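In the working numbering, the protein residues as written are 3 to 731. Contents: one structure, followed by commentary.
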């Protein structure tokens, strides 16, 4: 009996393995399917981090295959299938293998060389691009050689930095006033990579050695500094330079002296402080080696009290306090402790608590009681003045449902380079007549209790800030909420300007827009073939998701209210968007002199025409009414987070006057004027109709009176005629 087995496609190859042979080759091995008539194999392979770009290879039957032309130190995925006369079999489960490491294929980037002095150079760099590293960077090799007449002289010197993350080094032991050529290369376990382009630098001339210096502290917060010239003076001695500062302060005070000077008295030193002094001699080549010395002045009791004492938390039986140390110049030494003095306002006796921190919670208080609180700072010499008192009232136990905080959800809605919009929610139990207070950077801003947002302006770009929200009253609980922000980076510094080749009339104005900073990472976005007039290529977008072009009609109120665009409520401006409820409300309320967004752009063009009656991402670029001045600015949206958005704005442009041209009137430039002119014309029409009716009625009465008088006149004449006839008879 014969049984015919149906033929099928081949089974998967078994024992499929991969092994890296070189930095660009991987060898594949497998076992053939048993009892299968294989006519070819098909291989799929791809980079592990790029699965969409797959390579397909078909080759003759074999048990191995070498894949060449791969990238060094890269993970690849491989999948294999066999083909017979019946068709293609099932591909194997992908296997992965990394190619061998190689030498870096590119040099370090942004190599810079700076002269430190006559015998030292500082070299800085950035690593090669990751795709060109071809393995793990083990360190860097610096090769430098002396140049004479532009040619290397002698054997080059080699410096190895065996730190993968190194980005700078200092080369010492060089000759003064000598030219050197320097290159940098990264290396892996396979060897050195490509070398950077040679940097040529010349060391400065030899400078003087250290002078000698002696410092004597005197009574009255002064110090006498005396010095002698260096033992070895190189070149012409031209003078001295003294730098000094308190160690807690960053900036040095700098004093320059003549070569004949040998002493100086420093005044205004603080008590209990440590100062650092640096003195060097100078010649024509520059400053010499510095003599460095530190001194400490005697301590004393603080001459001022702790600052900004406030309540930062409250319960029925406790009060949490916070304060700042006395001013640095008045601490007179290291603060070793603080003493908090507090008492019931109805009792004269003070209670005290000690702490070494600037935060304390006073426990064991009575509910619904007002306390008088003060704080005092101490050095090792004793206590200083006591601060002015503040009063805090503990919560009442008769209000169990009172929320633990007087506000909630204190947060940040929008951040710009110089402003932040803070928002919060107020529970119904909070008394709106009690004002709120926002504290930041030793400043205080008062806010009405019924408001739920506040725009803080005049901040510094690219700076960290912390804001706390508290009640100014005593019964609401003091400070309850705190948020921290980092202001936007300082870019878009240039303002839009009137394009010099265009005339501002006909409801249109062409302006030149500021450029984004060079060297920033560029977001991939659609290029603009034309924006406005379409002249010139668009500017690359560095950080921004979107650019908004904002038009601000010039009024006395806008000039006095907004010195810069970031003084505006950016969030409110965006809420009045392309077709929002707020925008429709503005149209209905005849509020036409408010700022508005005229265009939303994903790439910033070099020039743009205001009023070209086109739509840009949902925003209508409406014509500008004539005989009105305008300012405009660019607003960059920097983040994708709707809860806390970050913006950067350019400065205002100079005011631009839009002129009338033939066939154009002020009223017809803005279709929104119909909302005003319609009701006005209707009222005028009604008045005209009423006046016409009154005049018509009045003329009718006059005609009737005239007819009556004429009838009476005819009757009298007839009567007189009859009398005359009777007399004749």
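Even glycine gets a Cβ: it sits at the ideal position worked out from N, Cα and C. If you're wondering where the values come from, they're calculated on a predicted model, not measured in any experiment.
Query: Skipping 5 residues on each side, what residues in its chain have a beta carbon closer than 8 angstroms to that of residue 496?; Result: 516, 517, 652 and 653
Query: Using 8 angstroms for Cβ pairs, my map puts residue 392 next to residue 311. What's the rounded Cβ distance?; Result: 6 angstroms
Query: If you check the beta carbons only, do residue 602 and residue 620 fall under 8 angstroms apart?; Result: yes
Query: Helix, strand or coil: which one does DSSP assign to residue 562?; Result: helix
Query: With a threshold of 16 other CB atoms inside 10 Å of the CB of residue 591, please say whether the residue is buried or exposed.; Result: Because residue 591 sits at a pLDDT of 44, beneath the cut-off of 50, its placement in the model cannot be relied upon, and the following sentence gives the value as read from the coordinates. Exposed, because fewer than 16 other Cβ atoms sit within 10 Å of the Cβ of residue 591.
Query: Buried or exposed: residue 238, going by 16 or more other Cβ atoms within 10 Å of its Cβ?; Result: exposed
Query: Could you give the DSSP three-state label for residue 14: helix, strand or coil?; Result: coil
Query: Less than 6 angstroms between C-beta atoms, sequence neighbours within five positions excluded: which residues of the same chain meet that for residue 202?; Result: 183
Query: Using only CA atoms, which one of 73, 51 and 44 lies nearest to residue 66?; Result: 44
Query: Below 8 angstroms, how does it come out for the segment 67–81 and the segment 109–120: are there three or more Cβ pairs, yes or no?; Result: no
Query: Measure the C-alpha to C-alpha separation of residue 31 and residue 69 and round it to an integer number of angstroms.; Result: 11 angstroms
Query: So, with DSSP's three-state summary, where would you put residue 158?; Result: strand
Query: Can we say the segment 277–285 touches the segment 227–247, given the rule of at least three CB pairs closer than 8 angstroms?; Result: yes
Query: Residue 385 and residue 278: beta carbons closer than 8 angstroms?; Result: no
Query: Counting pairs of Cβ atoms below 8 angstroms between the segment 91–98 and the segment 10–19, do you hit three or more?; Result: yes
Query: I'd like the ranges of any alpha helix (DSSP H) spanning at least 4 consecutive residues and lying wholly in the segment 45–92.; Result: none
Query: Which first and last residues belong to the beta strand (DSSP E) in which residue 265 is found?; Result: 265–268
Query: Helix, strand or coil, according to DSSP, for residue 569 in the structure here?; Result: helix
Query: Given this structure, state the Cα-to-Cα distance separating residue 2 from residue 409, to the nearest angstrom.; Result: Look at the range of the chain in this structure, 3 to 731, and you will see that residue 2 is not part of it.
Query: How far does the alpha helix (DSSP H) with residue 135 in it reach, from first residue to last?; Result: 132–135
Query: Looking only at its chain, what residues have a beta carbon closer than 6 angstroms to the beta carbon of residue 441, apart from the 5 residues adjacent to it on each side?; Result: 470
Query: Secondary structure at residue 495, three-state DSSP: helix, strand or coil?; Result: coil
Query: Does DSSP put residue 261 in a helix, a strand or coil?; Result: coil
Query: Can we say the segment 40–57 touches the segment 127–136, given the rule of at least three CB pairs closer than 8 angstroms?; Result: no
Query: Quick check on the DSSP output: the beta strand (DSSP E) that includes residue 111 runs from which residue to which?; Result: 111–119
Query: Do residue 554 and residue 597 have their C-beta atoms closer together than 8 angstroms?; Result: yes
Query: How big is the Cα-Cα spacing for residue 421 and residue 116?; Result: 38 angstroms
Query: According to DSSP, is residue 236 part of a helix, a strand, or is it coil?; Result: coil
Query: Following a CB-centred definition, is residue 45 positioned closer than 7 angstroms to any heavy atom of the ligand GTP?; Result: With respect to the ligand GTP, the structure shown offers nothing to examine, as it has no ligands at all.
Query: Taking only three categories from DSSP, how would you classify residue 364?; Result: strand
Query: Rounded to a whole number of angstroms, what is the C-alpha to C-alpha distance between residue 398 and residue 414?; Result: 32 angstroms
Query: Who are the Cβ neighbours of residue 171 in its own chain at under 6 angstroms, not counting the five residues just before and after it?; Result: 125 and 163
Query: Which class does residue 657 belong to by DSSP, given the choice of helix, strand or coil?; Result: coil
Query: On the DSSP letters alone, give me the boundaries of the beta strand (DSSP E) that residue 147 sits inside.; Result: 141–150
Query: Based on Cα-Cα distance, which residue from 322, 389 and 453 lies nearest to residue 378?; Result: 389
Query: Could you tell me whether the Cβ atoms of residue 205 and residue 121 are closer together than 8 angstroms?; Result: yes
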